[in-house]
Each structure stands twice: as structure tokens, then as C-alpha cells.
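Protein chains in written order, with the UniProt record's numbering: chain Z, 1 to 390; chain A, 1 to 390; chain S, 1 to 390; chain F, 1 to 390.
4 protein chains.
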Amino acid sequence: MTRKLRMGMIGGGLDGFIGGVHRIAAFIDGKIDFVCGALSVDPEKATESGKALFLQPDRIYTDYVDMIQKEAQLPEGVRMDFVSIVTPNFLHFGPAKLALESGFDVVVDKPMTISVAEAKELQDIIQRTGRTLALTHTYSGYPMVKQAKAMVKEGHFGKIRKIVVEYPQGWLARLTEKELSSGAEWRSDPTKSGKSLVMGDIGTHAAHLAEYVSGLRITDLCADLTTFVEGRSMDDDGSVLLRFTEGAKGVLMASQISAGEENAVRIRIYGEKGGLEWANEDPNNLIIKMLDQPRQIYRTGNAYAAPYTLSSFATYNTRIPSGHPEGLLEAFANIYRNFAETVSAKREGQTPTDEQLDFPNVHDGVRGMQFIDTVVQSHASNEKWTKFEG
Amino acid sequence: MTRKLRMGMIGGGLDGFIGGVHRIAAFIDGKIDFVCGALSVDPEKATESGKALFLQPDRIYTDYVDMIQKEAQLPEGVRMDFVSIVTPNFLHFGPAKLALESGFDVVVDKPMTISVAEAKELQDIIQRTGRTLALTHTYSGYPMVKQAKAMVKEGHFGKIRKIVVEYPQGWLARLTEKELSSGAEWRSDPTKSGKSLVMGDIGTHAAHLAEYVSGLRITDLCADLTTFVEGRSMDDDGSVLLRFTEGAKGVLMASQISAGEENAVRIRIYGEKGGLEWANEDPNNLIIKMLDQPRQIYRTGNAYAAPYTLSSFATYNTRIPSGHPEGLLEAFANIYRNFAETVSAKREGQTPTDEQLDFPNVHDGVRGMQFIDTVVQSHASNEKWTKFEG
Amino acid sequence: MTRKLRMGMIGGGLDGFIGGVHRIAAFIDGKIDFVCGALSVDPEKATESGKALFLQPDRIYTDYVDMIQKEAQLPEGVRMDFVSIVTPNFLHFGPAKLALESGFDVVVDKPMTISVAEAKELQDIIQRTGRTLALTHTYSGYPMVKQAKAMVKEGHFGKIRKIVVEYPQGWLARLTEKELSSGAEWRSDPTKSGKSLVMGDIGTHAAHLAEYVSGLRITDLCADLTTFVEGRSMDDDGSVLLRFTEGAKGVLMASQISAGEENAVRIRIYGEKGGLEWANEDPNNLIIKMLDQPRQIYRTGNAYAAPYTLSSFATYNTRIPSGHPEGLLEAFANIYRNFAETVSAKREGQTPTDEQLDFPNVHDGVRGMQFIDTVVQSHASNEKWTKFEG
Amino acid sequence: MTRKLRMGMIGGGLDGFIGGVHRIAAFIDGKIDFVCGALSVDPEKATESGKALFLQPDRIYTDYVDMIQKEAQLPEGVRMDFVSIVTPNFLHFGPAKLALESGFDVVVDKPMTISVAEAKELQDIIQRTGRTLALTHTYSGYPMVKQAKAMVKEGHFGKIRKIVVEYPQGWLARLTEKELSSGAEWRSDPTKSGKSLVMGDIGTHAAHLAEYVSGLRITDLCADLTTFVEGRSMDDDGSVLLRFTEGAKGVLMASQISAGEENAVRIRIYGEKGGLEWANEDPNNLIIKMLDQPRQIYRTGNAYAAPYTLSSFATYNTRIPSGHPEGLLEAFANIYRNFAETVSAKREGQTPTDEQLDFPNVHDGVRGMQFIDTVVQSHASNEKWTKFEG
């Protein structure tokens with residue numbers, strides 16, 4: 001990169017949580033400047049938040065359309081390069097479409113939209129414009145997840161047979177949406193959240209992780225969704241039997257009523273020769289279990305000798321030496337950093353490397369929306385298996 | 001107990017593995033004498049094994065019918081009190097029936113039989129004779145599993161919503177049945193093993209554990225069974241969506257092709273107020289996750305003060321002080337010890353305590369066979385849900 | 001073994017704890033019969049305990065001298081083969097000496113005696129009589145401790161540089177000796193316990209473990225002992241800097257006031273090429289950390305392929321398949337089993353194998369007493385280093 | 001803060017490692033702009049690094065004196081506010097002194113200087129000028145370390161008795177200083193590193209952590225230092241017995257030859273009522289072990305209800321929700337953020353809060369240098385105890 005990229009943000013006022021995560025992820029490597037924002041639909045909050053975040057007054061906007069149009073008219077060396085969209089789900093599509101069509105690249109929180117139709121339209125725009133879109137499926141940003149993917153790809157475990165992926169949380173074990181402005185309110189409103197609460201909010205993370213690491217794709221599924229908490233208008237728990245390409249099978253569990261759990265994302269994959277295990281709450285350990293061998297724990301940031309050498313994808317996404325834990329913010333930042341380098345390379349007429357291109361994109365976004373649709377359809381059906389049309 | 005009980009054993013020659021486990025479990029507390037055995041269908045092996053195990057030559061039998069009949073004719077102070085049946089599944093029913101009808105109590109390895117019909121016949125005999133049968137669902141013998149059950153029962157977690165129980169193993173990731181006399185051979189022969197390999201061998205353990213700890217019963221299920229290893233004649237992996245009484249839901253996974261796993265039994269239960277987690281490979285820790293509280297780890301053998309006092313069921317089944325790990329053999333021995341004390345009490349005209357009666361019995365055996373049947377039926381069906389008729 | 005060995009027990013009445021552990025350890029493998037006992041100095045308790053443990057009335061003794069003399073006069077096929085001595089420390093020497101001199105072999109709890117002089121006298125008797133004595137330094141009985149020793153010995157870690165061994169407990173964080181008949185009373189009485197409470201009770205375990213695994217011997221030490229609990233008459237905490245043969249160094253910590261700890265024995269050894277870590281509270285995992293390689297976890301009971309094959313010492317002392325945890329009782333039982341096989345072999349004119357001979361013996365007992373002496377001497381000295389005269 | 005602070009950096013060229021850590025720590029919260037640097041003593045490296053880090057060409061300096069003098073002459077709204085000093089130890093004092101005396105605040109890597117005299121001079125300058133200095137003892141920046149400190153302070157554990165703090169690493173198990181430009185070279189040169197390699201590089205971290213969490217101060221110590229690796233000119237391992245104020249005792253271990261260890265900082269503190277345990281490699285768990293209670297695990301970012309409510313110091317230093325791991329970079333960033341807020345508050349005439357003031361300062365730096373001195377003095381002495389004159 002010959003210069004820092006300039007970021008505008010849509011959503012992410014100081015009363016929310018996810019905006020701050022995106023900002024940290026953008027700031028951490030010193031390669032992105034935060035130059036403008038339409039940080040809230042509430043003009044007062046937008047202004048206050050912009051000031052508190054040290055934006056120049058004339059680049060604090062109260063409306064995303066206004067921001068995109070005005071920024072587009074600023075001189076090239078000044079105007080933002082991309083927008084980061086951190087609004088509730090139903091407000092992803094509009095800003096993303098307008099930004100892409102106005103010549104800006106886009107980072108958008110997951111799920112990408114609230115319908116497959118919207119997702120496909122974004123995909124079409126990308127195809128047409130050649131712009132870049134990053135989707136923040138955080139867990140794929142971890143070095144040890146990338147190491148897992150690399151080892152599966154190189155055949156370390158042989159043919160993959162079984163995938164178990166789970167995302168238990170407990171924060172919706174109570175009717176949180178009435179209690180506090182926690183983000184639970186809009187999430188449990190289908191017009192704002194999409195067809196499934198649990199699958200939109202966390203199930204797509206799990207599905208993406210399973211496909212990302214295994215390199216396989218879900219072909220059929222059988223889902224059971226539940227609303228456990230009385231008074232809630234959407235599902236808060238779901239279990240899904242999975243069938244994958246190449247004969248693999250699996251189970252996906254996503255739950256927001258697993259009281260006492262925090263963000264216990266975990267994936268286990270078993271092949272003919274061995275298995276792997278990775279967990280978000282202990283993200284610097286990748287547990288490898290080969291037949292006839294002691295268990296191995298690959299740890300972030302190590303300069304192992306061959307044949308244990310960590311994959312270039314793992315090392316490219318690691319910032320500090322082994323034993324010094326990196327966490328979710330660094331995984332998140334890897335998506336931003338790789339996106340920024342890809343955008344820079346493309347703008348400077350270069351070809352991004354495979355490592356730079358390694359972030360979730362618009363196709364992952366489409367697939368996520370299809371996953372939600374298929375799960376909801378399966379849940380409503382008495383047939384055991386529903387085809388995943390992807 | 002005013003005297004030791006005398007045990008005969010059917011199966012359990014020195015070439016197998018499970019007989020040794022049963023013997024250790026019987027010996028450990030010094031309350032059971034091993035007096036006779038029909039240890040193998042091969043007379044030579046039976047004799048050799050009997051000698052090596054220090055049986056008196058005249059009480060080494062080569063045939064279980066012979067043993068039961070001869071022992072029945074010995075004087076009361078000499079003859080065996082109960083038999084322990086550790087043969088392959090298809091050889092459980094015959095010896096159990098004959099023993100019970102000959103006035104002996106019975107310990108039998110799981111699954112209890114190879115069909116629901118056999119299981120129900122044993123249930124009838126028990127009902128008729130008043131004899132005692134213990135089924136070695138080992139995991140329910142652990143103190144921290146008993147603590148978990150007690151806490152669920154006392155309402156510590158509120159109404160139960162979600163149960164995830166799993167038993168991944170890797171030992172059948174290869175076609176072990178052709179390679180060595182590992183017990184894989186008869187296990188993968190449906191005439192000897194029953195309708196399902198994976199569910200008979202380990203799935204019933206998981207199902208029993210889920211019902212034992214939660215106090216709920218499975219009402220409906222949706223199963224997907226797979227044979228992953230080429231050349232194997234029975235299933236080696238299964239995933240099941242569960243519905244329980246009182247509106248709880250769950251997932252059961254049993255797998256013998258999870259390469260690299262050993263015996264990673266694990267159960268997680270979530271209620272309205274919190275959740276619990278227990279794992280066989282770390283059995284002295286019971287992880288309690290309550291809403292709004294730090295996680296707690298209840299550990300075997302502690303004299304916690306109120307309100308943390310360990311349940312009488314946990315302490316009754318613990319032999320040594322905290323920090324000194326007890327393992328599977330002690331859990332197994334708890335079944336034997338409680339069975340022996342129950343049998344002694346009944347024979348001496350006393351009422352066994354609730355703690356003594358706390359071991360898997362013939363009803364659990366029937367339920368296990370029904371579970372296998374229902375899973376197999378569900379797997380064959382295109383309907384999503386199959387009723388568990390129990 | 002062509003027949004079971006017959007055990008008598010001195011101490012171990014039902015009001016104590018350690019007797020039960022010894023009995024389980026003796027019973028578990030079905031190779032030892034418990035035939036007589038002088039279970040308490042209180043005749044009533046001795047009798048009650050003997051009955052409850054199903055001893056024949058005429059072999060319940062109330063005095064160890066009486067027991068040893070009477071048993072010696074019983075016919076060879078009846079009389080006990082060995083005694084297990086589980087009395088307070090000051091009552092180890094007398095029974096051990098008399099038993100050995102009367103032709104019986106001996107198992108004795110640690111520390112072997114209450115003085116170096118006593119210990120050396122037992123060593124002399126052993127030398128003279130050829131009898132066998134086992135000392136129950138439990139932790140050396142674990143399969144993964146034996147694996148660690150084997151790997152050090154074969155040079156897996158290169159030259160050893162650093163050894164950290166620790167045994168923190170919390171049970172004496174309060175003045176327990178006044179509160180209950182917990183064994184704290186005699187332990188904190190120097191006439192019954194020996195020169196150091198913390199070093200006698202647990203420090204010798206740690207010292208033995210360090211020397212057992214490393215194959216090195218302590219040559220110099222620098223100790224700081226403390227009595228933290230007001231009203232206690234002996235030390236309850238000690239930290240020791242160590243120097244070993246071959247230039248290795250180390251630290252030993254033994255503490256009974258580490259409130260909240262249970263029996264957190266842990267050893268770490270570092271050589272030129274890598275390190276190992278093992279902990280009593282997670283005893284089936286041996287963590288291996290080699291330079292330039294992922295961490296490895298060797299687990300009990302696995303049939304690893306070369307070059308990972310578990311040592312014969314590890315496998316010989318394992319009873320059940322991997323993933324099924326074994327615990328302290330099995331480690332303890334390994335000492336009994338190996339002792340019994342050694343005694344049998346010697347009595348039958350055979351040479352015990354190296355695996356059978358692998359239990360702590362009278363020389364370890366002498367060394368333990370010397371360790372206590374040296375620590376106490378160092379504590380009293382202003383010199384930094386005190387020579388370990390062993 | 002009404003505006004971002006402007007940072008200059010001394011040292012930290014792209015060929016090193018620690019500069020990058022400081023920059024991430026400074027950038028992560030978007031409150032600090034990186035405006036100038038003298039990034040290397042090699043002018044070419046300085047220039048290249050400055051460009052790569054997007055500094056304006058006229059603020060890329062090749063000499064720290066030049067930088068400080070020129071920046072001091074820039075207008076108030078432009079010139080840097082503070083310098084971050086990330087040079088080898090022997091180059092801390094000069095830049096720090098000049099910066100402070102030129103009106104700039106200072107962040108400096110540890111150990112603060114290479115002698116007690118230098119450290120005390122900085123302390124005097126601070127006293128005289130009222131400037132602010134932050135010392136990057138990273139581990140005290142973790143939320144769960146702050147929670148531990150808060151719980152000790154509020155008396156949760158009663159009077160503190162025992163402190164065990166350790167920092168084992170393995171990266172100097174080989175003669176790394178000859179092999180690569182790893183920072184091992186200057187670290188093992190006493191003229192650049194100070195009196196002790198192991199104590200300067202990591203021992204001071206451990207000593208600071210022990211005093212920070214316990215609130216106690218070391219009064220006496222007994223040290224053993226070793227150079228294990230042939231050809232190395234400084235110590236690479238040290239073990240120290242400690243005595244603290246109020247009668248507490250402890251052990252400190254710092255080792256760079258613990259082959260296979262990464263950065264396994266760990267602290268355990270035991271009081272009359274219970275103990276705590278925290279480890280850098282699992283930093284979001286604070287293990288609490290109270291007498292008579294199940295273990296508790298306090299985890300970063302939780303909104304526990306009373307009486308478990310996390311301390312304001314823990315929550316103030318947490319960025320994301322529970323279950324999403326934060327790591328070393330966030331701990332490091334907490335020092336920068338708190339320093340920046342303190343500096344801003346003081347410059348704006350406000351009183352910083354206790355939370356903002358919670359970062360290691362010049363007094364900690366002096367104490368660190370005294371610790372190194374005392375350890376080296378003790379090592380050279382035959383007396384058991386050496387007074388810590390602090």
C-alpha cells in the first residue's frame with residue numbers, strides 16, 4: 001500500500017457495540033484512516049458520535065445517502081475509499097448498493113442482507129462494477145482457522161467424513177429485547193433481522209466456518225428451530241443435520257438460549273486419517289488428532305520446522321510472537337487488513353496475493369442468505385431432507 | 001453388608017477387554033468375591049483364564065448353562081450370588097434369563113440385549129422374580145454426573161430447554177474388524193450386535209446419560225446413520241435431533257469414525273437459569289454456568305459448605321479426597337458396589353437406600369433397546385420425526 | 001503369579017482415610033487377598049474395622065506385634081505374605097522392622113520413617129534379609145509419569161537443565177488439627193510426624209517425583225520453611241532452590257496453606273531440545289513441548305505407532321483403553337501390583353522384570369528422609385547452599 | 001479527550017518486533033495519531049520504515065535528538081505530544097530524559113533503563129517537570145489481572161500468605177544471538193541490556209506483576225542465576241525465593257531456556273480464605289479458589305450481578321463482550337489508552353480518574369531496576385537473604 005485507505009462508516013454510533021469492533025479492526029494496523037460517517041439515523045447521535053470519534057465536523061453526516069453523494073464529489077485525494085456498514089441487517093442492502101454503484105468499496109457486517117434476492121443483487125453489482133466487498137465472518141480471520149483450512153486442503157486428514165460446528169450463546173436466555181437497548185430488539189423483529197434470528201445472527205457464522213475450513217459445501221439439511229423464550233417473536237435456537245459434497249456429513253448447532261455460554265464457537269472436522277478441533281474461546285490452539293499419534297497442538301505465531309511449518313495464510317494473519325495471545329479483534333482486523341490490501345492492489349493495478357484475497361466476500365454473503373432460507377424451509381417441512389440450492 | 005457377595009462371570013476370558021474392567025469394578029471395594037466363571041465359549045480359553053484368575057478348578061466352567069445349574073445346587077454359603085455377563089450382545093439374553101430364573105441376580109454389559117422383545121422379556125422376569133439386574137451404563141456412575149443430576153432435579157437450572165450429548169470415538173475409523181481380534185468383528189455383525197453398531201455400542205450410553213441427568217425422556221427423534229468405512233456391514237456414525245418431555249430439545253451424536261477421538265463422551269444441559277457441562281475425559285470437573293455469575297467448577301470429593309454442598313449421591317460414590325482423580329474404573333465400580341449393596345439389603349430383608357438403588361436397571365435396558373429401534377426406524381424414514389414409543 | 005498373595009494390614013481402621021486407599025490399591029487387580037489386620041491401636045476400633053472389612057474373627061488382631069508373631073506361626077499356605085503399614089509416620093519403623101525380620105515383605109506409606117537413622121536401619125535389614133519393601137510414592141505409579149521418565153532416559157529432551165516440581169494443597173490453610181480427626185493432629189506433632197510437616201507429608205513426594213522422572217539427584221539445596229497458620233507447631237509451607245547432578249537446577253515448592261488447591265502436584269522438566277509437563281489433577285495427559293514443533297499430548301493407553309510408541313513401563317501400568325481416565329487409585333495400585341509380582345517372582349525363584357521392579361523401595365525411603373533432614377538444616381542456616389549428603 | 005494525541009516514536013524500525021506492538025497498541029483505540037519518528041539509528045532504515053508507516057517525509061527523522069528538538073519548535077497544534085521509546089535498553093534513558101525535559105510525555109519499553117541511577121534520575125525529572133511516563137509492563141494491562149488486584153485489595157482472600165509468579169520462555173534455549181537478528185544479540189550484551197539478561201527482559205515483568213496484584217512489596221530475596229547455554233555471555237535463567245511485606249512469602253521464576261515454552265507468565269496468590277490464578281496464555285480466565293466453595297472462573301467482559309460484579313478497573317479496560325477473547329495487544333493498548341487519557345486530562349487541567357491513572361509509571365521503573373540489582377547482588381552472595389532496598 002502506498003497510502004492509507006480512507007474509511008467512511010454507516011451506523012456504528014456510540015450507543016451500539018459492533019461499530020466499535022469494526023473501528024478497532026480498521027485502526028489496528030495503521031493502514032486505514034477514518035474520515036467520515038453517517039453514524040446514526042438519529043441526527044443528534046450521529047453528530048455526537050462523530051465528534052467523540054474525532055471526525056471533522058464537515059464530514060459528519062446524518063444520512064447515508066447524503067454521505068455517499070457528497071463524498072463522491074470530493075477530490076480523489078480526500079474522499080473516502082470505502083464504507084463500512086454496521087447497521088441492523090435490514091439496512092445493509094441500501095447503503096451497500098448505493099456505495100458500490102457510486103464507486104466505493106464496501107465492508108458489511110453479516111448477514112449480508114435480509115433476503116437471498118438482495119444478496120444476489122449485490123453479487124450482480126459486484127460482478128458488473130468490479131468493486132470489492134468484504135463480509136465480516138470474523139472466525140475465518142483467525143490464524144489457526146486458516147491453518148486448519150490449509151491442512152484440510154493439503155490432504156492432511158484424508159477424505160473428510162464428519163463436520164461438527166456449533167455456536168452456543170446464552171445472552172438471549174431471557175427476554176433481553178424488552179430489557180435494554182442491547183441490539184436484541186431489532187434482531188428479534190423479522191422485518192429488520194430477516195427470516196431467522198438465530199441463523200441470521202450466528203448460524204451463518206457457523207455455516208461459513210464449516211465450509212471455509214472444510215472446503216466442502218452443504219448440499220442437504222434437516223433443521224429444527226425453536227423459540228424457547230416466551231414472548232419472543234423469532235427463533236432463538238436451531239439444530240441442523242447436514243450433508244456435504246463428497247459424502248461428508250455433519251451437525252450444526254446455533255443457540256442463543258444456551259444459558260451461561262458466551263461465544264463458544266467450535267468446529268471439529270474428522271477425516272480418514274485424523275481430526276481437528278478449534279474453538280473461538282481458545283483461538284490460538286488448533287488441536288490435531290491423528291490416528292496412531294499423540295495429539296498435537298498447533299499454536300499461533302510459531303516458527304515450526306518442516307513438516308509442521310505453519311501455512312502462509314496463518315502467518316500472514318499473525319501480528320505477534322507465539323505465547324502472546326491474539327484474540328477476536330485481531331481476527332476481525334485481518335478481514336479489514338486483507339480487504340484494504342486487496343482494494344489498494346486493485347486500485348494500483350496490481351494483482352492481490354492469495355493471502356490478501358483471503359476474506360469473506362459477496363459470494364459468501366449470498367451463500368449465507370441461502371443457508372438461512374433453506375434452514376427455515378426445512379424447519380417448516382415434514383420431509384427429512386431439504387436441498388440446499390446454492 | 002454382613003458378608004461379601006459371591007460373583008460368577010460369563011464371558012470375560014483373558015483375550016477380551018471388558019471382562020477385566022468388570023472384574024476390577026467388582027474387586028475394588030473388597031465387597032465381592034469372584035468364585036466361578038464360564039469365561040469363554042472355547043473350553044481351553046475358559047480353563048486357562050479361570051486358572052490365571054485364581055478360580056478353584058472345580059468352579060471353572062466351560063458352559064454358562066452348566067455353571068448356573070451346578071452353582072444352583074451348591075450350598076447357600078458357597079454358591080455364587082450373582083452372575084456378571086460380559087459376552088457379546090447376542091449372548092446377553094440367554095444367560096441373564098437363565099440366571100434370573102435360577103435365583104441369581106445379574107450384572108450385564110450394555111446394550112442389555114439385541115432386541116426390544118428380549119429386553120421386555122427380561123423386564124417381565126424381573127417383575128415376576130423380584131431379582132435385581134444392573135446394566136453397566138458406566139458414565140452414570142461418576143460422582144459429578146450424579147451431582148449434575150441432583151442439581152437439575154433440585155431446580156438449580158430452572159426448566160430445562162436444551163440437551164447436547166455426544167460420544168465420539170475414532171477406533172473404527174479404519175476397517176478394524178478385519179485387522180485384529182479387537183471386538184470390532186462381532187460388533188459389526190448385526191446378528192451378534194443388534195440393529196445398529198454405533199447406537200448399540202455407544203449411542204445407548206449417550207441416550208441413557210441424557211435421560212439420567214436431565215430426568216426427561218426422549219419423545220421424538222430424527223436420525224441420520226452412516227457407514228463411512230468401506231467394507232463395513234453396519235453403521236459407524238449417527239446424528240440425531242431429539243425432542244424431550246416438557247418441551248426440551250436436543251442433539252445426540254455418536255460416532256466411531258471420529259478419527260483421533262478416544263472416548264470423548266460429553267453432555268451439556270441448558271435450563272432457563274444456567275447450564276452444565278461434563279466430560280468423561282475430564283470427569284472430576286462439573287462445569288456450572290449460571291446467568292450473571294462466574295463459571296463454577298464443582299470437583300469430586302470436596303466438602304463444600306452450603307449452598308454448594310455436594311449431593312449425597314455424589315459423595316456416596318466417591319472414594320478419595322478432592323484433587324486425587326478418580327476415573328472410569330471407579331465409576332464402573334460404583335455400579336457394582338451399589339448393585340451389591342442393593343442385593344445384600346434385599347436378601348437381608350432391608351430396604352436399600354436411594355443411593356444404593358442408584359444404578360442402571362432393567363428398565364433402562366428396555367429403554368436403550370427401544371432407543372436403538374427408534375433411531376433405526378427414523379433413519380429409514382423420510383418423515384422428519386419418529387415417535388419414541390417407550 | 002501362581003497364587004494370590006496374602007496381605008495383613010497394620011493401621012487403616014475405618015476412621016482413617018489412607019487405609020482405604022491402600023486396600024483398594026491392593027484389591028483392584030484381584031491378585032492380593034486381605035487376610036488379617038491390626039487395624040487400630042484402639043482394640044474396639046480394630047475389631048469393628050476388621051469385621052466390617054470381612055476379616056475372619058481369629059485374624060483380627062489388636063496389636064501388630066501379636067499379629068506378626070501369630071501369623072508367623074501359621075502354616076505356609078495360610079499365613080500372610082506381607083504387611084501393609086498405614087499408621088502415622090512414627091509407627092512405621094517398628095512394624096516394618098519386625099515384619100521384615102519375621103520373614104514378611106512390607107508395603108509402607110511415606111515418609112518411610114521419622115528419621116534418617118531409622119530409614120538406614122530398614123535399609124540394612126533389607127540388605128541382610130533380601131526381603132522386599134515398597135514405599136507408596138503414588139505419583140511415580142502413573143503411566144504418564146513412567147512415560148516421562150522413559151523419554152528423559154532415552155534422551156528425547158537432550159541434557160536436562162531445569163526441573164520445577166510443586167505440590168500445593170490447601171487443606172491446612174486453617175488450624176484443621178484442632179477441628180476434626182483429620183489426620184492433621186498427628187501430622188503437626190513433630191514426635192509423630194518427623195522434623196517437617198510439609199516436607200514429610202508432601203515434599204518428599206515432590207522430591208521423589210523429580211528424581212524419579214529426571215534420573216538426576218539433588219546435590220545442594222536452599223530452603224525456606226514457614227508456619228503460616230497461627231497455633232500450628234510445625235511448618236506448613238516450604239520453597240526450595242535445587243541443584244542437581246549434571247548441572248541441572250530446579251525449584252521445589254510444597255505447601256499446605258495454598259488455600260483452594262487440592263492435590264495439585266505438577267512437574268515440568270526442560271532439556272536442551274524440549275520440555276515436559278505432567279500434573280496429578282490431569283494425570284492421563286503428558287504434555288511434550290519440543291523446540292520447533294507443535295506441542296504434543298501423550299495420553300494413557302494409546303497404541304501409538306513408532307516413533308511415538310509408549311514405553312513398556314507406561315503400558316504395563318495401564319488397565320483400560322485410551323480416553324477412559326485412570327486415576328490416583330490405579331497409580332497406587334500399580335505400586336501394589338508391581339510389588340506383589342516382584343515378591344511372587346522372588347519367592348518362586350524367578351527374576352522380576354524391570355517393569356515389575358519399578359516401584360519405590362527402601363533406597364527411595366532413605367533418600368526421602370535425607371531430603372527432609374537437609375531441608376530442615378538449610379532452613380536453619382544463613383548459608384545459601386546446603387549439601388545434600390545422600 | 002477533545003482531540004487525538006500525537007505520537008512520535010524512537011526506535012521501532014520495520015526490522016524489529018516490539019515497535020509494531022507499540023504502534024498497534026497506540027492505534028487500536030483511534031485516540032492517538034502517529035506523526036513522526038526516528039525509527040532507526042540507520043538513516044536508510046529510518047527513512048524506509050517511516051515511509052512504509054505513512055509518515056510525512058518531513059517528519060521522518062534519523063536522529064532522536066534532532067526529532068525532539070525540531071518537534072519542540074513546531075506549532076502546538078502540530079507537534080508531537082509524546083514519544084514512544086522502543087529502542088534497546090541502553091537507549092531508553094537518553095531519549096526519555098531529553099523528551100521529558102523538552103516538554104514531551106513518554107512511553108518507554110521495560111526495563112526502564114540499564115541502571116538504578118538512570119532510573120532515579122528519570123524519577124527526579126518527572127517529579128520536577130510533572131510530566132507523565134508510562135512503562136509497558138504489559139501483563140498489568142489485562143482486565144483479569146486488574147480484577148485480581150481489585151479482589152485482593154478488597155480483602156476477598158484475607159491476608160495474603162504466598163505468591164508464586166513465573167515467566168518461562170524457551171526462545172533462548174539455543175544460542176539464538178548468533179543465529180538471527182532476533183533481538184537476542186543486544187539483549188545478551190551487558191552494556192546494552194543491563195546487569196541481568198533474564199531478569200531485565202522478563203524477570204521485572206514477573207516482579208511487577210506480583211507486586212501489582214498483591215499490593216505487597218518484596219523486602220528480601222535469595223536468587224540463583226544461571227547461564228545454561230554455552231557461549232552466552234549473560235544469565236538465561238533465574239529462580240528467586242521472596243519475602244514480602246506483611247509476612248507473605250513467594251517464589252519468582254524467570255527462564256529463557258525452558259525449551260518449548262512460549263510466554264507462559266503465570267501468577268498464583270494464596271490468602272487465608274482462598275487463592276487466585278492467572279496466566280498470560282489464557283488471559284481471559286481468572287481462576288478463583290475459595291475454601292469450601294467450588295472453583296470460580298471470572299471471565300473478561302461479563303456483566304456479573306453482585307456480589308460478583310467485575311471491578312471498574314476490569315471493565316474500563318475491556319473492549320468487547322464476553323466470550324470474545326482479548327489478547328496481549330489489548331492489554332498493551334490499555335497502557336497506551338490510559339496513559340493518553342491521563343496526559344490529555346492533565347493538559348486540559350482535569351484530574352485523571354483512578355482507572356485512567358492505572359498504568360505502570362516511573363516509580364515502577366525504579367523499582368524494576370532495583371529488583372534486578374538486588375537479584376544480581378543476591379546471586380553473587382553466599383548469604384541466604386539479601387535486603388531489597390526500595
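Glycine included, C-beta positions come from ideal geometry on N, C-alpha and C.
Residue 295 of chain A is bridged by DSSP to F:297.
Beyond the five residues adjoining it in sequence on each side, residue 68 of chain Z comes within less than 6 Å, by CB distance, of 98, 99, 102 in the same chain, given in chain order. The Cβ neighbour count for residue 2 of chain Z, taken over all protein chains shown within 10 Å, is under 16; the residue is labelled exposed. In this chain, the beta strand (DSSP E) harbouring residue 6 of chain F covers 5-10.
Interface criterion not met: the Cβ of residue 142 of chain Z is under 7 Å from no Cβ in chain S. For residue 290 of chain Z, the enclosing beta strand (DSSP E) stretches over residues 285-290. Put simply, the backbone Cα of residue 319 of chain S is about 8 Å away from that of residue 326 of chain S. Non-local beta-carbon contacts of residue 40 of chain Z in its own chain, meaning distances under 7 Å to residues more than five positions away in sequence, involve 13, 46, 49 in chain order. DSSP, read as helix, strand or coil, puts residue 244 of chain Z in strand. Here the alpha carbons of residue 289 of chain A and residue 273 of chain A stand approximately 9 Å from one another. With the rule of 3 Cβ pairs closer than 8 Å, the stretch 276-296 of chain Z counts as touching the stretch 321-338 of chain F. Interface annotation, residue 382 of chain Z: in contact with chain A, CB-CB separation under 7 Å. When secondary structure is reduced to three states using DSSP, residue 337 of chain Z falls in the helix class. Using beta-carbon distances, residue 290 of chain Z counts as an interface residue toward chain A, with a partner under 7 Å. Rounded to the nearest angstrom, the gap between the Cα atoms of residue 76 of chain S and residue 8 of chain A is 28 Å. At a cut-off of 7 Å between C-beta atoms, residue 298 of chain S counts as an interface residue with respect to chain Z. Where residue 35 of chain F is concerned, the enclosing beta strand (DSSP E) starts and stops at 32-38. Between residue 257 of chain Z and residue 237 of chain Z, the C-beta gap is smaller than 7 Å, which places the two residues in contact. Our two residues, residue 378 of chain F and residue 387 of chain S, have alpha carbons roughly 19 Å apart in a direct line.
DSSP places residue 60 of chain S within a strand segment (E or B) once states are collapsed to three.
Here the alpha carbons of residue 176 of chain Z and residue 188 of chain Z stand approximately 10 Å from one another. Boundaries of the alpha helix (DSSP H) around residue 365 of chain F: 362-380. In terms of Cβ geometry, residue 259 of chain A and residue 203 of chain A do not form a close pair [threshold 7 Å]. Under the DSSP assignment, residue 157 of chain Z falls outside any alpha helix (DSSP H); it carries neither an H nor an E label. Interface residue (Cβ-Cβ distance to chain F less than 7 Å): residue 357 of chain Z is not classified as such.
Nearest to residue 262 of chain A by alpha-carbon distance, out of S:164, S:54, S:342, S:298, is S:298.
By the criterion of a C-beta distance shorter than 6 Å, residue 34 of chain A is surrounded in its chain by 7, once the five residues flanking it on both sides are discounted. In this structure, DSSP gives residue 78 of chain F a state outside helix and strand, which the three-state scheme calls coil. About 22 Å separates the CB atoms of residue 311 of chain S and residue 206 of chain S; that is not less than 8 Å, and the two are not in contact. About 5 Å separates the Cβ atoms of residue 335 of chain Z and residue 359 of chain Z, confirming a contact at the 8 Å cut-off. Close partners of residue 294 of chain A in chain F (Cβ separation under 8 Å): 288, 296, 297, 298, 299, 302, 304, 308. Within the model, the alpha-carbon separation for residue 89 of chain A versus residue 112 of chain A is close to 7 Å. Note that the stretch 222-234 of chain S does not touch the stretch 120-139 of chain S; fewer than 3 beta-carbon pairs, one per stretch, sit closer than 8 Å.
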